[in-house]
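Single-structure report; data block below.
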Amino acid sequence: MISDRGRQRPSTSIQKVIVCECGAEILLIPDVKEMDRAIVYHAECHAGKETDPVKAKALFEQIQNYLVKQVLVVTSEEEFEKANSKRKEGF
Ligand SMILES: [Zn+2]
């Protein structure tokens, strides 16, 4: 009997997302510039609701920092998984 245990699952089909404070999901893109643009765009969406320009700027930075942190969390998890699977393959 042949087992197909060794077959690899298509992990690339799983899309990673970061979740904003407002609950909006932003797709994680491997392109840093594109990702930065997506974060800025979303932060502007938040800031655009604020009529006070000082508050708007603060809100923009707050959301931008939050989303950048989310990216780091998700990507570091991914790196950890990669390192883990490499270790398993090695043995
Ligand atoms: Zn948001």
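Heads up, the sequence shown is in our numbering, so the first residue is 283 and it goes up one at a time.
Positions of the beta carbon are idealized from the N, C-alpha and C atoms, including for glycine.
Let me confirm a value: residue i is counted as buried when at least 16 other C-beta atoms fall within 10 Å, else exposed. Which label applies?
i	result
Phe342	buried
Ile296	exposed
Val353	buried
With DSSP as the reference, please indicate the residues paired to residue i in a beta bridge.
i	result
Val299	Leu309
First and last residue of the alpha helix (DSSP H) that includes residue i?
i	result
Cys377	As shown, the chain starts at 283 and ends at 373. That puts residue 377 outside it, with no answer to give.
Return yes when the Cβ of residue j is within less than 7 angstroms of the Cβ of residue i, no when it is not.
i	j	result
Ala325	Gln346	yes
Glu307	Val314	no
Ala329	Ala338	yes
When you compare each of the options to residue i by their alpha carbons, which one comes out closest?
i	options	result
Leu310	Tyr348, Glu371, Val356 and Ser367	Val356
Val322	Glu360, Glu361 and Gln344	Gln344
Gly305	Asp334, Leu349, Lys331 and Met317	Leu349
Glu303	Cys327, Pro312 and Met317	Cys327
Val298	Ser367, Glu361 and Lys368	Residue 298 is actually Lys in this sequence, not Val. Closest by alpha carbon: Glu361.
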